[in-house]
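Quick notes on the structure that follows.
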Amino acid sequence: MFRSLFHMRASRPRLAGLMLAVGAALGFSMKAVFVKLAYRYGVDAVTLLMLRMLFALPFFIVIALLEERKASAPVGMRSMLLVLILGLIGYYLSSMLDFAGLQYITAGLERLILFVYPAFVVIFSALFLGKKIGKEEVMALLLCYAGIAIAMYHDVQFSGADTWRGVLLVLAATISYALFLIGSGEMIPKIGARRFTAYAMIVSCLAALIQFVLLRQLTDFQQPLPVYGYGFAMAVFSTVIPAFLLAAAIQRVGAGTASVVGALGPVMTIGLAVLLLGETATWMQMVGALLVIGGVSMLGVRKG
Numbered sequence: 001m002f003r004s005l006f007h008m009r010a011s012r013p014r015l016a017g018l019m020l021a022v023g024a025a026l027g028f029s030m031k032a033v034f035v036k037l038a039y040r041y042g043v044d045a046v047t048l049l050m051l052r053m054l055f056a057l058p059f060f061i062v063i064a065l066l067e068e069r070k071a072s073a074p075v076g077m078r079s080m081l082l083v084l085i086l087g088l089i090g091y092y093l094s095s096m097l098d099f100a101g102l103q104y105i106t107a108g109l110e111r112l113i114l115f116v117y118p119a120f121v122v123i124f125s126a127l128f129l130g131k132k133i134g135k136e137e138v139m140a141l142l143l144c145y146a147g148i149a150i151a152m153y154h155d156v157q158f159s160g161a162d163t164w165r166g167v168l169l170v171l172a173a174t175i176s177y178a179l180f181l182i183g184s185g186e187m188i189p190k191i192g193a194r195r196f197t198a199y200a201m202i203v204s205c206l207a208a209l210i211q212f213v214l215l216r217q218l219t220d221f222q223q224p225l226p227v228y229g230y231g232f233a234m235a236v237f238s239t240v241i242p243a244f245l246l247a248a249a250i251q252r253v254g255a256g257t258a259s260v261v262g263a264l265g266p267v268m269t270i271g272l273a274v275l276l277l278g279e280t281a282t283w284m285q286m287v288g289a290l291l292v293i294g295g296v297s298m299l300g301v302r303k304g
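Counting from 1, one number per residue, gives the positions in the sequence shown under full-length UniProt numbering.
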């Protein structure tokens, strides 16, 4: 009896970690849906990204200030320069390419392509860091790309030739994010995860604001009220909150388990797109999603 009670108490942190990981996956999955809903009001990608970053910026400034108060040493100039570069490559460039790609493809296909970033991390780690790719990694990569090909074939049939443009843009966003992750792996041990994330996000937010000022008129800031609502929702529910939920989940169950739970993301996005956007879910999409989830889960278990 006492042993079973102990087991229940010991399993509670793991259950909490799993629920946190599910919450993070749901939050990240909502981003594409918010973007698609905002596009219905005629807003362009540059303006929408600016709104998302504008609403997210105060949160990350507060986090950065709190982390600096706890830090034992300031961030050096070389480290800050690397954070600047990674912030531009990762959150800013990746988000811009992703928002642009969503103008041409469905939310479900976008999430599937973005979800393949661990595969690119494996490939780039082999190319630039000399890490070997094992048989399991090769099988996982083949599953991922087969799943994307099947899901993409469905979109090409129903959305036309512009699907290729959207796929290439989101694929470029995925590659950009994978390069960011490789670089962040070098920086996080030096300055801390929350500190690095806060600074990198501040850089990306400022870059999005500067881009808007350079490319758009101030009158473009005047948008229908729902567009501001979707921008705020993306900032809070698909950026800030999921980031902290994922960090808490990793702390409780580990990165490998959290990444496997994150495999629910594409399925969640497809389901939300069907419910909220009226997109169709076919057997080809589901087969493609299962293949991608299987491949990324293999990589996640391997890393764990």
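C-beta: ideal position from N, C-alpha, C; glycine also.
May I ask which residues mark the beginning and end of the alpha helix (DSSP H) holding residue i?
i      : result
Gln211 : 193–215
Arg69  : 45–70
Thr282 : From DSSP, Thr282 is part of no alpha helix (DSSP H); its letter is neither H nor E.
Thr269 : 264–272
Phe232 : 225–235
Does DSSP put residue i in a helix, in a strand, or in coil?
i      : result
Tyr104 : coil
Ala24  : helix
Arg252 : helix
Phe115 : coil
Val75  : coil
Tyr92  : helix
Leu129 : coil
Tyr41  : coil
Ala10  : Reliability fails at Ala10, whose pLDDT of 47 lies under 50, so the model's placement of it is uncertain and the value that follows must be treated cautiously. The answer is helix: DSSP assigns Ala10 an H, G or I state.
Gly134 : coil
In angstroms with no decimal places, state the Cα-to-Cα distance between residue i and residue j.
i      : j      : result
Phe244 : Ala32  : 19 Å
Gly185 : Thr280 : 38 Å
Tyr104 : Leu169 : 9 Å
Leu225 : Gly90  : 29 Å
Cys144 : Gly76  : 39 Å
Gly192 : Leu66  : 13 Å
Gly294 : Ala140 : 7 Å
Leu181 : Phe28  : 17 Å
Ser204 : Gly87  : 5 Å
Pro13  : Ala21  : 12 Å
Leu37  : Met201 : 24 Å
Leu48  : Ile241 : 19 Å
Val122 : Ala273 : 30 Å
Leu26  : Ser125 : 28 Å
Gly231 : Val287 : 32 Å
Ala235 : Ala16  : 24 Å
Ser95  : Ala178 : 13 Å
Val213 : Trp283 : 44 Å
Leu206 : Lys131 : 35 Å
Glu110 : Val116 : 10 Å
Arg165 : Glu68  : 42 Å
Leu84  : Ile61  : 15 Å
Met80  : Pro266 : 34 Å
Leu275 : Tyr228 : 22 Å
Gly183 : Arg216 : 31 Å
Arg171 : Leu218 : Here the sequence assigns Leu to residue 171, which means Arg is not the residue at that position. Each residue's Cα considered, the two are about 31 Å apart.
Phe59  : Ile188 : 20 Å
Gly271 : Tyr153 : 19 Å
Ala248 : Met268 : 21 Å
Does the beta-carbon of residue i have 16 or more other beta-carbons within 10 angstroms, so that it is buried, or is it exposed?
i      : result
Ser72  : exposed
Pro74  : exposed
Met53  : buried
Leu51  : buried
Phe128 : exposed
Leu142 : exposed
My guess is that residue i and residue j are in contact by the Cβ rule of under 8 Å, so how many angstroms apart are they, rounded?
i      : j      : result
Ile63  : Arg194 : 6 Å
Ile175 : Phe120 : 6 Å
Ala100 : Ala45  : 5 Å
Ile150 : Leu291 : 7 Å
Ala289 : Leu112 : 6 Å
Tyr41  : Gln223 : 7 Å
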